[in-house]
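Sequential numbering of the sequence shown, starting at 362, is according to the working numbering.
Ideal placement from N, C-alpha and C gives every residue a C-beta, glycine not left out.
Structure, as structure tokens:
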Amino acid sequence: MSERLPTTAGAAALERFRTLLRIPTVSRADPADTDWTVFDDFQATVAELYPLLHEALELEVIAGHSLLYRWAGRDSGDPTVLMAHYDVVPASDDGWTHPPFAATLVGDGVDQQLWGRGTLDDKGALVSVLEAVERLAAEGFRPARDLYLSFGHNEETAGDGAASVVEALAARGVRPALVIDEGGAIADGVFPGVTAPVAYVGVSEKGLANLRLSVEQTGGHASTPPRLTATARLARAVVRLGARPFPARMSPTTQQMITTLGGHAHGPLGMVFRAARVTRPLLLAVFTRLSDETRALVRTTHAVTELSGSAAANVLAERATATVNLRIAVGSSVADAASHVRRAIHDDGVTIEALEATEPSPVSPTTGAAWELLSEIITAIYPGTVVAPYIQLGASDSRRFTTICDHVYRFSPFRMSADERATLHARNERIHVGTWLSGIDFYEALIRRR
Numbered sequence: 362m363s364e365r366l367p368t369t370a371g372a373a374a375l376e377r378f379r380t381l382l383r384i385p386t387v388s389r390a391d392p393a394d395t396d397w398t399v400f401d402d403f404q405a406t407v408a409e410l411y412p413l414l415h416e417a418l419e420l421e422v423i424a425g426h427s428l429l430y431r432w433a434g435r436d437s438g439d440p441t442v443l444m445a446h447y448d449v450v451p452a453s454d455d456g457w458t459h460p461p462f463a464a465t466l467v468g469d470g471v472d473q474q475l476w477g478r479g480t481l482d483d484k485g486a487l488v489s490v491l492e493a494v495e496r497l498a499a500e501g502f503r504p505a506r507d508l509y510l511s512f513g514h515n516e517e518t519a520g521d522g523a524a525s526v527v528e529a530l531a532a533r534g535v536r537p538a539l540v541i542d543e544g545g546a547i548a549d550g551v552f553p554g555v556t557a558p559v560a561y562v563g564v565s566e567k568g569l570a571n572l573r574l575s576v577e578q579t580g581g582h583a584s585t586p587p588r589l590t591a592t593a594r595l596a597r598a599v600v601r602l603g604a605r606p607f608p609a610r611m612s613p614t615t616q617q618m619i620t621t622l623g624g625h626a627h628g629p630l631g632m633v634f635r636a637a638r639v640t641r642p643l644l645l646a647v648f649t650r651l652s653d654e655t656r657a658l659v660r661t662t663h664a665v666t667e668l669s670g671s672a673a674a675n676v677l678a679e680r681a682t683a684t685v686n687l688r689i690a691v692g693s694s695v696a697d698a699a700s701h702v703r704r705a706i707h708d709d710g711v712t713i714e715a716l717e718a719t720e721p722s723p724v725s726p727t728t729g730a731a732w733e734l735l736s737e738i739i740t741a742i743y744p745g746t747v748v749a750p751y752i753q754l755g756a757s758d759s760r761r762f763t764t765i766c767d768h769v770y771r772f773s774p775f776r777m778s779a780d781e782r783a784t785l786h787a788r789n790e791r792i793h794v795g796t797w798l799s800g801i802d803f804y805e806a807l808i809r810r811r
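Below you can see the structure in the form of structure tokens.
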């Protein structure tokens, strides 16, 4: 089965998806700035749109707005958890071709797309799961073992909703056999020399740390500045850090990804990729230059995301700050990354403070029943697709579940073009209708097999 046109049932599912997309569940860094009434509206609308699901499953609301559903299985055994989140990042109408919360349909047939904030991240997966469960419940289906649906409400910000869900499950002695969350997807043309579509399944994710750099000095009038102002000292620290990139290393997972894809690459590149163990130094050099994505695959990265200084044009800053967002490579640690930053800046006048930090996630197996099941279903829904493991570059709620599950995979069952992937957290987010419908088939097949 592959991407398909909507049937009558598919068209009805699409309208339910559009209804939920129109609810602007934007989470804010400060919970006090979040409009929680729209989250309540979302929950009520889900109950209205999916009545059979709510008859068959038990619902528990955790941490205020995270939704945990349990579908009791016929037999005992370790359960499966399907994850998604229904909060989205902010979006104004500025620069959008279609309003971000209008859920606009564009085009016809196989080219039809649905535009709107949350189509890819992550209501697309969430509503696909809801549709699959509703469809199965209508048949009178019941899973062999317990199935949990964990829908977080603040993945884009604190992520403590998912953390609270894990705490609740752990307290009950629940240890899932399989957890699937958002992450990788099916993509074309990402890997040079590989023409087949590739399903990138995240088996781990990089760590996350936010560091605050700050410089405090005596202020004063800008007409009589010292040789090195607070802002200049901070700027020098940022420049020094940029000039000292983190060392490049090839993790075993990245090497396996390259070797796997090497078997499907054409020409000389295929030979280089298949021999990744030997050609590792060459591949590291190539990956650090090829693109931002490949560079991020082989090293810890940093980005300066926030800067602040003086409050007026003619006033010297008494305190200048910058936030450094670190994505920490698997095989490294928060402590290693912080030490690198200190050495690179090499200035005792710059204070470095850790605001938050999460270590890289454990690596889930790429052999065994769980991995094989996931691979089989992907290739059944999308024939001709190559399944490859990778290290997810961004952070997701799934990292919380690694404390209670050894098989945590990050995969969104949608085929995404490069243009579509570029809309994540950006303007004009959209998804092809056909691939979204195939995502429902993916989750249905997975639930049937578990």
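Ignore the nearest five residues each way along the sequence and tell me which others in residue i's own chain have a CB closer than 6 angstroms to its CB.
i	result
residue 523	513, 758, 761
residue 814	Any question about residue 814 goes unanswered here, given that the chain covers just 362 to 811.
residue 719	568, 569
residue 379	464
residue 434	504, 505, 506, 507
If I follow the unbroken beta strand (DSSP E) through residue i, where does it start and stop?
i	result
residue 639	Counting along the chain, residue 639 falls outside any beta strand (DSSP E), though it belongs to the alpha helix (DSSP H) covering 637-651.
residue 512	508-513
residue 804	Per DSSP, residue 804 belongs to no beta strand (DSSP E); it is in the alpha helix (DSSP H), 794-810.
residue 516	Neither: residue 516 is in no beta strand (DSSP E) and is coded neither H nor E.
residue 446	441-446
residue 539	539-548
residue 427	427-432
residue 713	712-719
residue 663	662-669
residue 578	Where residue 578 is concerned, there is no enclosing beta strand (DSSP E), given that its DSSP letter is neither H nor E.
Put residue i into one of helix, strand or coil per three-state DSSP.
i	result
residue 627	coil
residue 473	coil
residue 774	strand
residue 362	With a pLDDT of 42 at residue 362, under the threshold of 50, the predicted position of this residue should be treated as unreliable, though the coordinate-derived value follows. Residue 362: coil per DSSP, three-state reduction.
residue 707	coil
residue 371	helix
residue 683	strand
residue 556	coil
residue 530	helix
residue 376	helix
residue 565	strand
residue 790	coil
residue 689	strand
Can you name, in chain order, every residue of its own chain whose Cβ lies under 8 angstroms from the Cβ of residue i, other than the five neighbours on each side?
i	result
residue 746	547, 557, 558, 559, 560, 739, 740
residue 586	677
residue 545	560, 561, 562, 563, 751, 753, 771, 772, 773
residue 717	569, 570, 571
residue 553	626, 630, 651
With 16 other CB atoms within 10 Å as the buried threshold, where does residue i fall?
i	result
residue 791	buried
residue 777	buried
residue 805	buried
residue 497	buried
residue 387	buried
residue 516	buried
residue 707	exposed
residue 536	exposed
residue 458	exposed
residue 362	Per-residue confidence for residue 362 stands at a pLDDT of 42, beneath the threshold of 50, marking its modelled position as unreliable; the derived number appears in the next sentence. Answer is exposed; the Cβ neighbour count stays below 16.
residue 426	buried
residue 477	buried
residue 643	exposed
residue 461	buried
residue 486	buried
Apart from the five residues just before and just after residue i, which ones in its own chain have a Cβ nearer than 7 angstroms to its Cβ?
i	result
residue 734	810
residue 436	505, 506
residue 550	779
residue 813	Any answer about residue 813 is impossible in this case: the structure gives the chain only from 362 up to 811.
residue 724	564, 565, 614, 691
residue 617	727, 750
Compute the beta-carbon to beta-carbon distance between residue i and residue j, rounded to the nearest angstrom, for a pair I have assumed lies under 8 angstroms.
i	j	result
residue 685	residue 569	Going by Cβ atoms, the distance from residue 685 to residue 569 rounds to 12 angstroms, so no, they are not a contact pair.
residue 480	residue 382	7 angstroms
residue 407	residue 385	With a Cβ gap of about 15 angstroms, residue 407 and residue 385 do not count as contacting.
residue 599	residue 665	5 angstroms
residue 680	residue 577	5 angstroms
residue 802	residue 742	5 angstroms
residue 445	residue 483	5 angstroms
Return no unless some Cβ of chain B is closer than 8 angstroms to the Cβ of residue i.
i	result
residue 603	Structure shown: chain B not included; a single protein chain is present.
Residue range of the alpha helix (DSSP H) that residue i falls in?
i	result
residue 591	591-604
residue 742	730-742
residue 414	412-417
residue 487	484-499
residue 781	779-782
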